[in-house]
Amino acid sequence: MESYQRKKTGSFLLNSKTRKLVKKAIIIVEKIIINNG
Numbered sequence: 052m053e054s055y056q057r058k059k060t061g062s063f064l065l066n067s068k069t070r071k072l073v074k075k076a077i078i079i080v081e082k083i084i085i086n087n088g
């Protein structure tokens with residue numbers, strides 16, 4: 052049970068990091084599109 056909880060927490064932290072990276076990537080892509088447009 053404890054290891055399951057730890058895995059869950061680890062994946063949650065990973066997901067939040069991934070979400071931040073995805074948001075940054077989307078912002079960068081939008082800027083590029085706006086500049087090219």
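So the sequence shown is numbered by my numbering: it starts at 52 and just counts up by one.
We put the beta carbon where it would ideally sit given N, CA and C, even for glycine.
Nothing here was measured: the structure is a model prediction, and the numbers come from that model.
Under the three-state reduction of DSSP output, G88 falls in the coil class, being neither helix nor strand.
Y55 and I85 have their C-alpha atoms some 44 Å from each other.
K68 has its alpha-carbon roughly 10 Å from the corresponding atom of K74.
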